[in-house]
Amino acid sequence: MIKPLILWVLLLLPFCSFSNYYTFGYSGNAAFYGNTWQMTTPILGITTEEGMDISGVIYNYKAVKEVEDDFTVTVQNEDIDGGYIFQETDDWSGKHGMRIQKLIPMNYTPIEQFGKGSIETTGTGSIEDASVLYIYRFDGCRNPQNNENCPGYVPPMPVIPKIEIYDALEDDAVDDATKETDSDLYDKEEEESEQDEKEEEDEDRLELAMAASENALTIANDISQASLLQTMNAATNVKSYYVAQVPGGVYRESISLDGGKIVDNRNALRSLAQDNLMDDMIQEQYK
Amino acid sequence: MKKLLLMTLVLGLTACSMLMPKKAEAVTNINGTVESRCTVNTDTSGYYGNPNAYTLTTLPASAGQVPIVRVDTSLANAYKAQISYPTSFSSSPSLSDTVVWTGAVAVAQTSSTDMSGYQAASTTADGGAMRIYELVHAGATWFSVSSVATYGGGQQKAFPGGSYSAVVTAECIAQ
Chain V
1 MIKPLILWVL LLLPFCSFSN YYTFGYSGNA AFYGNTWQMT TPILGITTEE
51 GMDISGVIYN YKAVKEVEDD FTVTVQNEDI DGGYIFQETD DWSGKHGMRI
101 QKLIPMNYTP IEQFGKGSIE TTGTGSIEDA SVLYIYRFDG CRNPQNNENC
151 PGYVPPMPVI PKIEIYDALE DDAVDDATKE TDSDLYDKEE EESEQDEKEE
201 EDEDRLELAM AASENALTIA NDISQASLLQ TMNAATNVKS YYVAQVPGGV
251 YRESISLDGG KIVDNRNALR SLAQDNLMDD MIQEQYK
Chain F
1001 MKKLLLMTLV LGLTACSMLM PKKAEAVTNI NGTVESRCTV NTDTSGYYGN
1051 PNAYTLTTLP ASAGQVPIVR VDTSLANAYK AQISYPTSFS SSPSLSDTVV
1101 WTGAVAVAQT SSTDMSGYQA ASTTADGGAM RIYELVHAGA TWFSVSSVAT
1151 YGGGQQKAFP GGSYSAVVTA ECIAQ
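Protein sequence lines correspond, in order, to chains V and F.
Each residue of the first sequence is one higher than the last, beginning at 1 in my numbering.
Each residue of the second sequence is one higher than the last, beginning at 1001 in my numbering.
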């Protein structure tokens, strides 16, 4: 007994899921910006793509008039094929002006069929606080491409960019370049141009080498100067000398000479007075 | 002997006729229901604002909200709507002084221009607290019911603190 029931449920499940694609609701106030409007998303606040059907209109306004005045108010929507999809006229002639609210039911009509909407009046009087709401049903799967869960949805193919193939044979510049010319003149020009190119290349290479050596010297000079400055800064850092303390106090003179006279060494004076030894020493270095 | 037999027969028939019921009877009920062609619903609930210590009011200018009652009838000239503003609290703290009630019932909007004369054609009852509308057209009519309660009988006494409720009565009665 349970198995057949489960089978029935499974069979009916897809039909239930179809109903989930419908959404119902009301549009925003179409007359918010004035007494004429277009059936567009910015004005209605609902999507206007395929699958949106209108099933009714609720309008509300306050008629301001004197009882004795003739006054009519017409709420309507044009049909894009001509005429009107709906047209409702309120005749207030000889009646008290007051607020009115009406529901205009209609068959499910695709929103694409709706043209301009408007509230038009004739006679003496005015309307205040007008509101026009559309009752809708949106079938999210009428166009299966709206939702990937819709039956019949086809994943869109990626857009392949068109690549233009370059045909060198149709290029005028290539044609000009491949035209026949005087071969001797061409060879001579080619040799000259090759020689010029070689000379230019040599000059460039020399300039590059000189620039490189100059740069190297400049860099080295900068580095040596920086190193020298660093050393000088280190040397001038005498702070440690100020804080160093020498233990022991004062070293006093402890040697005393008795007799009071020191005699010069005559032998040494004699030896230093002659240049022989100096000459010998100088000559020694060239041997 | 014949007489005796005849008498016996007559007596027997008489007895039978007395014993047999004179007629057959049965009681059969006929049941039925009438679904009213008029309905009453609350469109907008109201609440009181308290602009000063001694006043409760549904005026929006005093932070109140006027309740709206909707009456729908699908049959013209068959019903009348009787709508009353409150004249007492349905729940409140204990009050030792009098409350002065004022209010108004008015047609707020209709579903047809033909109903625009309802307010002018309406009558009052119950000291003015009830207003009666003849629903001569089929369609929907929205009635607004404002209410003001002042405590102290003109002495402007402060309402005791607490929660206050009052009831608007709206009925649809067959003519």
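Glycine residues also receive a C-beta, built at the ideal position from the N, C-alpha and C atoms.
Predicted model only: the values in this text are computed from it and were never measured.
| Check | Outcome |
| --- | --- |
| Any idea if V/N292 is buried or exposed, counting beta-carbon neighbours within 10 angstroms, 16 or more meaning buried? | The first residue shown for chain V is 1 and the last is 287, placing residue 292 of chain V beyond what the model contains. |
| Could you tell me whether the Cβ atoms of V/F71 and V/T124 are closer together than 8 Å? | yes |
| Where does the unbroken alpha helix (DSSP H) through V/M278 begin, and where does it stop? | 276 to 284 |
| Taking 8 Å as the limit between beta carbons, can you name the residues of its chain near V/T40, skipping five residues before and five after? | T48 |
| Which residues, in order along the segment 1107 to 1118 of chain F, keep a beta-carbon less than 8 Å from a beta-carbon of chain V? | V1107, A1108, Q1109, T1110, S1111, S1112, T1113, D1114, S1116, G1117 |
| Per DSSP, what are the beta-bridge partners of V/C150 in this structure? | DSSP, once it has assigned bridges, lists no residue as partnering V/C150. |
| Reducing DSSP to helix, strand and coil, say where V/N143 ends up. | coil |
| Using a cut-off of 7 Å between C-beta atoms, extract the partners of F/A1120 located in chain V. | H96 |
| Which chain F residues sit within Cβ distance under 7 Å of V/D90? | T1113 |
| Using a Cβ-Cβ distance under 8 Å, would V/R99 count as near chain F? | yes |
| Write down the C-beta distance between V/V64 and V/S126 rounded to the nearest angstrom, noting that I regard them as a contact closer than 8 Å. | 5 Å |
| I need the boundaries of the alpha helix (DSSP H) containing F/Q1119, first residue and last residue. | 1118 to 1121 |
| Just how far apart, CA to CA, sit F/G1152 and F/N1052? | 13 Å |
| Would you call the CB atoms of F/T1087 and F/A1129 closer than 8 Å? | yes |
| Does DSSP put F/A1174 in a helix, in a strand, or in coil? | strand |
| Strictly by DSSP, which residues pair up with V/I135? | V/Y26, V/G56 |
| Quick check: is the beta carbon of F/K1157 nearer than 8 Å to any beta carbon in chain V? | no |
| Please confirm whether F/Y1048 and F/T1042 have their CB atoms less than 8 Å apart. | no |
| Taking only the alpha-carbon atoms, compute the straight-line gap between F/A1166 and V/M98 and give it to the nearest angstrom. | 28 Å |
| In terms of residue numbering, what span does the beta strand (DSSP E) encompassing F/P1051 cover? | 1049 to 1052 |
| Counting contacts by CB-CB distance shorter than 8 Å, is V/K116 in contact with chain B? | Here chain B cannot be found, since the structure's protein chains are V and F. |
| As a quick exercise: from V/P161, V/I160, V/T178, V/K162, pick the residue whose alpha carbon is nearest that of V/A168. | V/T178 |
| Is F/A1149 closer than 8 Å to F/V1099 when the C-beta atoms are compared? | yes |
| Which residue comes first and which comes last in the beta strand (DSSP E) that contains V/T122? | 114 to 123 |
| Between the beta-carbon of V/I111 and the beta-carbon of V/D53, is there less than 8 Å? | yes |
| What is the rounded straight-line gap between the Cα of F/S1094 and the Cα of F/F1159? | 10 Å |
| Look at the alpha carbon of V/K224 and the alpha carbon of V/Q195, and state the distance between them as a whole number of angstroms. | It should be noted that the sequence gives Ser, not Lys, for residue 224 of chain V. Cα to Cα, the separation comes out at about 43 Å. |
| Between the alpha carbons of V/S19 and V/I163, how many angstroms are there, rounded? | Annotation note: pLDDT 49 at V/S19 (below 50); position unreliable, no value reported. |
| Below 7 Å CB to CB, which residues in the same chain sit around F/S1112 once its five sequence neighbours on both sides are set aside? | H1137, G1139 |
| Beta-carbon within less than 6 Å of F/T1055's beta-carbon, same chain only, minus the 5 sequence neighbours each way: which residues are those? | T1150 |
| Please list the segments of the beta strand (DSSP E) lying wholly inside the segment 1064 to 1108 of chain F, counting only runs of 3 or more residues, in order along the chain. | 1068 to 1073, 1079 to 1084, 1089 to 1091 |
| So, does the CB of V/S17 fall closer than 8 Å to a CB anywhere in chain F? | With a pLDDT of only 47 at V/S17, under 50, the local geometry of the prediction cannot be trusted, and no value is derived from it. |
| Hey, could you find the ends of the beta strand (DSSP E) V/D172 is sitting in? | Unbroken run through V/D172 is the alpha helix (DSSP H), 172 to 177; no beta strand (DSSP E). |
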